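Asker: I have a structure here, written as structure tokens, and I will follow up with some questions on it.
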Amino acid sequence: MVPIIKITDAAATQIKTILESNSDKKALRITIEGGGCSGFSYKFDLESKQSEDDIVFEKNGAQIFIDKISLAYLTNSEIDFVDNLLSKSFQIRNPNATSNCGCGTSFSI
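The sequence shown begins at 1 in full-length UniProt numbering and counts up by one.
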């Protein structure tokens with residue numbers, strides 16, 4: 001069974017908006033990299049094609065590619081887009097993270 005990733009309506013809408021202005025790209029890629037003050041960090045990129053080891057998640061026509069290794073750290077996470085007075089950003093609510101750094105860009109498991 002493929003691990004579940006939830007994509008909020010706000011995230012799907014923002015992904016589609018970004019991709020409309022980048023017509024050569026077809027999805028948002030999320031990867032987990034070593035680094036940051038807590039050990040792991042999220043990386044977001046636009047992608048034009050799917051890799052062999054990608055799992056594709058889709059909502060309302062918005063696609064997210066996640067490779068199998070990164071997916072192991074993201075199981076049951078929620079991808080959201082938050083637009084408030086301080087910033088506009090994609091946010092990941094990751095139930096696997098045991099702690100997050102103060103700046104919110106890295107996490108530990």
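Yeah, the Cβ is synthetic: ideal placement off N, Cα and C, and Gly gets one too. Values in this document were obtained by computation on a predicted structure and should not be read as measured data.
Under DSSP, the beta strand (DSSP E) around Ser70 begins and ends at which residues?
Answerer: That residue, Ser70, is in no beta strand (DSSP E); its alpha helix (DSSP H) goes 68-74.
Asker: Suppose you measure from the CA of Glu58 to the CA of Leu28; what does that come to, to the nearest Å?
Answerer: Cα-Cα distance, rounded: 10 angstroms.
Asker: Starting from the C-beta of Lys49, find all residues in its chain whose C-beta is less than 8 angstroms away, skip the five residues before and the five after it, and write them out in chain order.
Answerer: Same-chain partners within the cutoff: Lys26.
Asker: Just verifying my parser: in three-state terms, what is the DSSP assignment at Gln50?
Answerer: Gln50 falls in the coil class under three-state DSSP.
Asker: Excluding the 5 residues preceding and the 5 following Ile64 in the sequence, name in chain order all residues of the same chain whose CB lies nearer than 8 angstroms to its CB.
Answerer: Hits under 8 angstroms: Ile5, Ile7, Ile15, Ala27, Leu28, Arg29, Ile30, Val56, Phe57, Glu58, Ile79.
Asker: Would DSSP call Ile30 helix, strand or coil?
Answerer: Correct three-state label for Ile30: strand.
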